[in-house]
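Number of protein chains: 2
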Amino acid sequence: MTPAQPTRDRLLDAAERLFAEHGFDGASMRTITADAGANLAAVNYHFGSKSALIHEVFGRRLAPMNVARLQLLDAVLEETAQRGEDRPTPRAVLRAFLAPALSLGRQEGREFFVLIARAHSSPHPELQAHIVNQFAEVAVRFGAALQLALPSAAREDLFWSMHFTVGALCHTVVNTQLLTLMSEGLCTDVDEDAVLERLVAFVAAGMEGGLDS
Amino acid sequence: MTPAQPTRDRLLDAAERLFAEHGFDGASMRTITADAGANLAAVNYHFGSKSALIHEVFGRRLAPMNVARLQLLDAVLEETAQRGEDRPTPRAVLRAFLAPALSLGRQEGREFFVLIARAHSSPHPELQAHIVNQFAEVAVRFGAALQLALPSAAREDLFWSMHFTVGALCHTVVNTQLLTLMSEGLCTDVDEDAVLERLVAFVAAGMEGGLDS
DNA sequence: GTCTATATGGGGATAGAC
DNA sequence: GTCTATCCCCATATAGAC
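Going line by line, the protein sequences match chains A and B.
In this text, residue positions in the first sequence follow the numbering used here: the first is 1, and each later residue adds one.
In this text, residue positions in the second sequence follow the numbering used here: the first is 1001, and each later residue adds one.
Given below as structure tokens:
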């Protein structure tokens, strides 16, 4: 009868799922603790407040995802050097950025990515601040790598391109069911590798082509 | 002392502003009616419920924006025909789709567009349904126009491209302050025409280039 | 660490006078 | 159409026994 996971982890899992389903305001401590098979007071005991719980839900996933991004980027740069080429392709860099996000959506934290997208447009300033902090290093490293991949591009252009890319990514991860609806079932996200390649192709072309004209 | 606008309109204005600032759950009927200089019971009298108020806030802006999109699209197609060309350029079609959205953000309803983006990832299914309904005709007309502009593209590819485009658009309208932050002031949205052209260039290139490879 | 019971506050909605 | 007063519910958080 003893649960396999400690209460703290069960609370995080339940919170993640219910926040994704009902929103941060829509999921109450009552439903979260009930879903986790814990007592109503458990959240306050383990985290201190609901706000702190939200914070932890994000921290638990964002850190590993960004580590994966940086590792993939290192691999891309290393492989480029081994081949004796002086710069990576934009596609390779962009894939390193996008793949961990999409693959997070396919594993354990499928619901979690909804939360990231929602946090981007959240009225709670603490959430936006949290994201900015977590992404700061990633933004710097990938900004530099893209500048290397596209030496003739202005820094300003690269920032804008990354901005559009993040937008397409978030919308893709969160709202593909809406696309499925509008395309009457033609477009689905069952083949996530195919989605990744579509997205990479789109933003890479946008980035290279958008700069010329 | 009599207010220039009827209570109903003042309620809609206040609701739009406060929803944008504090979210749909964060802005209460009490703060909305107070901000509008109306009585607490006014929302229920004029709209029936808070949910119906939200519905009206969206309807008031979405309808004109989508009308503008369709008019611009008609103008593009007409001009194409006058020139004796058999198909419009993807850029022209995409500009007709994107311009009304960005220009809405520059006029009266600057705060409103935050709400659209938030509705996309909202846990309230009624909001998503509302958007789908309002966009149905636009999606069909622009889908056909893009197919005309890019005859060799598969329908599936066009749907995905439009999906990425909407994502980039929403993120741009809502979160450019976040970009300004990350770029340390290099990128701003003060010149909205320039933003539009950047976005058009990006998604047009993504659409044309993403299909080939 | 976990539970019960409760404090405290705010929410949406409505009845009924004006 | 507008106002007051109020109903009723649910939220977060905590105190204190176990």
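Glycine residues also receive a C-beta, built at the ideal position from the N, C-alpha and C atoms.
- The closest CA to that of residue 1057/B, considering only 1080/B, 1075/B, 1119/B and 1087/B, is found on 1119/B.
- With respect to chain B, the C-beta atom of residue 61/A has no partner C-beta closer than 8 Å.
- Residues of chain A whose Cβ lies closer than 8 Å to the Cβ of residue 1025/B are, in chain order, 23, 25 and 26.
- For residue 100/A, the nearest beta carbon of chain B is not closer than 8 Å to its own beta carbon.
- Burial is judged here by how many other beta carbons sit within 10 angstroms of a residue's own beta carbon; residue 1066/B has at least 16 and is buried.
- For residue 1151/B, there are no C-beta contacts with chain A under 7 Å, since the nearest C-beta of that chain is about 18 Å from it.
- Taking 8 Å as the CB threshold, residue 1182/B lines the interface with chain A.
- Assigned with DSSP and collapsed to three states, residue 39/A falls in coil, not helix or strand.
- For residue 140/A and residue 86/A, the gap between their C-alpha atoms comes out near 20 Å.
- In chain order, 1210 and 1211 place their CB closer than 8 Å to the CB of residue 1157/B, counting only its own chain and leaving out the 5 sequence neighbours on each side.
- Here residue 1091/B is buried: its Cβ has 16 or more other Cβ atoms, across all protein chains shown, within 10 Å.
- Closest by C-alpha distance to residue 1195/B, out of 1131/B, 1100/B and 1149/B, is 1100/B.
- Take the alpha-carbon of residue 124/A and the one of residue 1121/B: they are about 15 Å apart.
- In this structure the region 161-177 of chain A lies against the region 1166-1181 of chain B, because at least three pairs of beta carbons, one per stretch, are closer than 8 Å.
- A distance below 8 Å separates the beta carbons of residue 61/A and residue 112/A.
- The three-state reading of DSSP puts residue 6/A in coil, since its state is none of H, G, I, E or B.
- Contact annotation: in the region 1052-1080 of chain B, no residue has its CB less than 9 Å from a CB in chain A.
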